[in-house]
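Taken in sequence, the protein lines are chains A and B. Residue 7 is where the first sequence starts when you use our numbering, and the numbers rise one by one after that. Residue 20 is where the second sequence starts when you use our numbering, and the numbers rise one by one after that. Cβ atoms here follow ideal geometry from the backbone N, Cα and C, with glycine treated the same way. Just so it is clear, the structure is predicted and the values come from calculations on it, not from any experiment.
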Amino acid sequence: MAKTRVPAIDGWFTTGDEPALVGSRGTETGSYFFPKSVAFSRNPTAPAEKLEEVALGRRGRIWSFTTNYYPPPEPYVAPDPFVPYTIVAVELPEEQMVVLGQLAEGADPAALKVGAEVELVLGTLYEDDEHEYEVWKWRPV
Amino acid sequence: MTDVAILGVGMHPWGKWGRNFVDYGVAAAQAALADAGMEWRDIQFVSGADTIRNGYPGYVSGATFAQALGWQGAPVASSYAACASGATALNAARAQILAGLCDVALVVGADTTPKGFLAPTAGERRDDPDWLRFRLLGATNPAYFGLYARRRMELYGATPGDFARVKVKNARHGLTNPNARYRKEVTEDDVLGSPVVADPLHLLEICATSDGGAAVVIASTDFAKSRGTKAPARIAAISTVTPTYPNTVIEMPNFATDSSAGVKPPETTFRDSIAAKAYDEAGLGPDDLDVAEVYDLSTALELDWYENIGLCKAGEAEKLLNDGDTTLGGRIPVNTSGGLACFGEAVPAQALAQVCELTWQLRGEAGERQAEGAKVGLTINQGLFGHGSSVIVIR
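Here is the structure:
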């Protein structure tokens, strides 16, 4: 029986064919925030501005990347045997911010280049007997 | 005149001793008091740099050290600012002195660390970004260091060999430092042959976690004079700045940078602003420096700091290193102590250890690692979550 796919964290991204990170935007300044800020704007030029929930752009360019070869401590749920994983920092053009994410399964870290375009997909972060826990990942375009 | 005098400094050697952090803090405090020629009971203010790893006594470190040294009634403060805790504790003590609320203060930091990666506080903590970055990304501290190092290679053409030579230099500097944990020469091949942790960085390029303690006794310049202290090293500036919005460089433990969509980034980046504030306060500049202790959490980060503290322009740090300018005997020796490369990180003690090293350098007491004629030194460091840490020491 197939495992049920559930988000590894609630409210941080949308699912479906075109998943996106859920952030917020200041209605006065247009500053973006991720994870989303709800109660207050962190932009000191408009501390009272209202915030609206927005889907962040799904494409950006690689700012930098690194592959981890040692199992991190908990609460990371590392497979046994451990599998190295790559973290990619991506510049979003509209939001003018850099967002981290793991590299999508199946993508070759050796082929990554700073400046190359990537898009947001969902992938498996870890699984247990009944569930696959999903998280956002970056995949080269 | 905002200088305060450094009457005494002391350390407990760095290592993996496995004892309670209080032991190291007390040993360092006693060493600093002896160096100052002071009795503990004459200290008028005690300032602790906190460790969050060692339970409640670690969160109230000022009182913990005061109790361990024997209650004598001094007012107390305890500061937590991650890697910058030592500078924040030092600044709390300095403020008391400059405000005229006390004449002489003791500042102490010490840590006992577990083996391996620094980890977030235990438990299910879904509202804690430090917990979430491990859970959702596996973004360890070395992962952030790896991102910065790769960026340096991309922007400036830095090579793995450049990074490795930082470690070679620091290992040589720390060879005879009695407080250093690692006292062994390494070659570029040793570094590049060690396992990759977070590429492009190898095991020997990422600082270990250590046990250790450091302490500083500071006093008003009048108090120092009244005791007949001749030409003490003095603290001319302490910078504990936070970033200015929007901070456009990804920082631990964040998932994203601030956005520049609504507000232009400041002209000075956060890391540049840390030393800039210290220079401004001291009325000095990078050209005045004789020595510097920079926070080499990774080899590549040491190169970033050269630029952030103004030793050279952006993109020129590799040349500065490879020309030998930052090696003992060069124009501006960096990490004469051996740096984190030789110490490993004992978080709340580290910013104070940097001040200890500068004090010994400026007094001409650094032995075989002495930088000749050093009169002005700067420390630079940064704590998780936006804590700047820079101290300028002069003599």
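CA-to-CA distance, residue j to residue i, given in whole angstroms
{"i": "B/Arg86", "j": "A/Leu98", "result": "According to the sequence as given, residue 86 of chain B is Gln; it is not Arg. Rounded to the nearest angstrom, the two C-alpha atoms are 52 Å apart."}
{"i": "B/Arg72", "j": "B/Arg169", "result": "30 Å"}
{"i": "B/Ala393", "j": "B/Val310", "result": "7 Å"}
{"i": "B/Arg290", "j": "A/Asp135", "result": "46 Å"}
{"i": "B/Leu381", "j": "B/Ala114", "result": "23 Å"}
{"i": "B/Arg164", "j": "B/Gln91", "result": "Residue identity differs from the one stated: residue 164 of chain B is Phe in this sequence, not Arg. Roughly 43 Å separates the two Cα atoms."}
{"i": "B/Asp181", "j": "B/Arg191", "result": "16 Å"}
{"i": "B/Ile237", "j": "B/Val41", "result": "21 Å"}
{"i": "A/Glu5", "j": "A/Gly63", "result": "No answer is possible for residue 5 of chain A: the residues shown for chain A start at 7 and end at 147."}
{"i": "B/His31", "j": "A/Leu131", "result": "42 Å"}
{"i": "B/Leu26", "j": "B/Val235", "result": "8 Å"}
{"i": "A/Gly121", "j": "B/Leu174", "result": "11 Å"}
{"i": "A/His137", "j": "A/Ile15", "result": "13 Å"}
{"i": "B/Met172", "j": "B/Asn400", "result": "22 Å"}
{"i": "B/Glu384", "j": "B/Leu377", "result": "10 Å"}
{"i": "A/Ala52", "j": "A/Glu34", "result": "7 Å"}
{"i": "A/Trp18", "j": "B/Asp61", "result": "55 Å"}
{"i": "B/Cys375", "j": "A/Leu126", "result": "48 Å"}
{"i": "A/Lys56", "j": "A/Ser43", "result": "10 Å"}
{"i": "A/Thr73", "j": "B/Arg184", "result": "22 Å"}
{"i": "B/Val5", "j": "B/Asp122", "result": "Nothing about residue 5 of chain B can be reported from this structure: the residues present for chain B run from 20 to 414 only."}
{"i": "B/Asp315", "j": "B/Asp149", "result": "21 Å"}
{"i": "B/Thr132", "j": "B/Ala368", "result": "12 Å"}
{"i": "B/Asp241", "j": "B/Gln63", "result": "15 Å"}
{"i": "B/Val395", "j": "B/Ile411", "result": "7 Å"}
{"i": "B/Ser239", "j": "A/Tyr91", "result": "53 Å"}
{"i": "B/Gly56", "j": "B/Ala103", "result": "28 Å"}
Own chain partners of residue i with C-beta closer than 7 Å, once the 5 adjacent residues on each side are dropped
{"i": "B/Leu223", "result": "Lys186, Val205, Asp209, Val210, Ser213"}
{"i": "B/Val260", "result": "Ser292, Ile293, Lys296, Gly407"}
{"i": "B/Ala17", "result": "Residue 17 of chain B lies beyond the range of chain B shown here (20 to 414); nothing can be said about it."}
{"i": "A/Val104", "result": "Trp69, Ala95, Val96, Glu97"}
{"i": "B/Ala101", "result": "Val366, Gly402, Leu403, Phe404, His406"}
{"i": "B/Leu339", "result": "Tyr325, Leu330, Cys331, Thr345"}
Contacts around residue i, its chain only, beta-carbon distance under 6 Å, and the 5 residues preceding and following it disregarded
{"i": "B/Leu322", "result": "Ala336"}
{"i": "A/Val197", "result": "Residue coverage of chain A in this structure runs from 7 to 147, which leaves residue 197 of chain A outside it and unanswerable."}
{"i": "B/Lys188", "result": "Thr346"}
Where the beta strand (DSSP E) containing residue i begins and where it ends
{"i": "B/Tyr314", "result": "Counting along the chain, B/Tyr314 falls outside any beta strand (DSSP E), and DSSP gives it neither H nor E."}
{"i": "A/Arg145", "result": "137 to 146"}
{"i": "B/Gly105", "result": "Here B/Gly105 belongs to no beta strand (DSSP E); instead the alpha helix (DSSP H) covers 104 to 117."}
{"i": "B/Phe64", "result": "64 to 68"}
{"i": "A/Leu131", "result": "123 to 133"}
{"i": "B/Pro32", "result": "23 to 34"}
First and last residue of the uninterrupted alpha helix (DSSP H) at residue i
{"i": "A/Ala54", "result": "First-last for A/Ala54: undefined, no H or E at that position."}
{"i": "B/Asp323", "result": "318 to 327"}
{"i": "B/Phe40", "result": "40 to 55"}
{"i": "B/Asn341", "result": "336 to 341"}
{"i": "B/Ala150", "result": "Ala is not the amino acid found at residue 150 of chain B; the sequence shown has Trp there. That run of the alpha helix (DSSP H) goes 148 to 151."}
{"i": "B/Thr131", "result": "Premise fails: B/Thr131 is in no alpha helix (DSSP H) and is neither H nor E."}
{"i": "B/Thr83", "result": "80 to 88"}
For residue j and residue i, believed in contact at Cβ under 8 Å, the rounded distance
{"i": "A/Val94", "j": "A/Val60", "result": "In fact, because the Cβ distance is near 22 Å, the residues do not count as touching under 8 Å."}
{"i": "B/Ala93", "j": "B/Val65", "result": "5 Å"}
{"i": "A/Glu80", "j": "B/Ala138", "result": "7 Å"}
{"i": "B/Trp59", "j": "B/Gly89", "result": "7 Å"}
{"i": "B/Ser356", "j": "B/Asn196", "result": "6 Å"}
Closer than 7 Å: residue i CB and nearest the ligand COA heavy atom
{"i": "B/Pro367", "result": "Absence of the ligand COA is noted for the structure shown, with no ligands found whatsoever."}
Other residues of its chain near residue i: CB distance less than 8 Å, five sequence neighbours each side excluded
{"i": "B/Gly343", "result": "Gly349"}
{"i": "B/Gly34", "result": "Arg200, Ser229, Asp230, Gly231"}
{"i": "B/Ile269", "result": "Tyr163, Leu166, Ala275, Thr276"}
message: Quick check on the DSSP output: what are the complete alpha helix (DSSP H) runs of length 4 or more inside the stretch 220 to 252 of chain B, in order along the chain?
response: Counting only runs of 4 or more residues that sit fully inside the stretch 220 to 252 of chain B, the alpha helix (DSSP H) segments are 240 to 245, in chain order.
- request: Write down every uninterrupted run of the alpha helix (DSSP H) in the stretch 163 to 230 of chain B whose length is 4 residues or greater and which is fully enclosed by it, in chain order.
  value: 179 to 192, 207 to 212
- request: Enumerate, from N- to C-terminal direction, the unbroken alpha helix (DSSP H) stretches of 4 or more residues contained entirely within the stretch 287 to 311 of chain B.
  value: 289 to 301
The stretch 247 to 269 of chain B: positions lying closer than 9 Å to chain C by Cβ: Absent here is chain C; the protein component of the structure consists of chains A and B.
- prompt: Could you give the uninterrupted runs of the beta strand (DSSP E) lying entirely in the stretch 331 to 400 of chain B, keeping only those of 3 residues or more?
  reply: none
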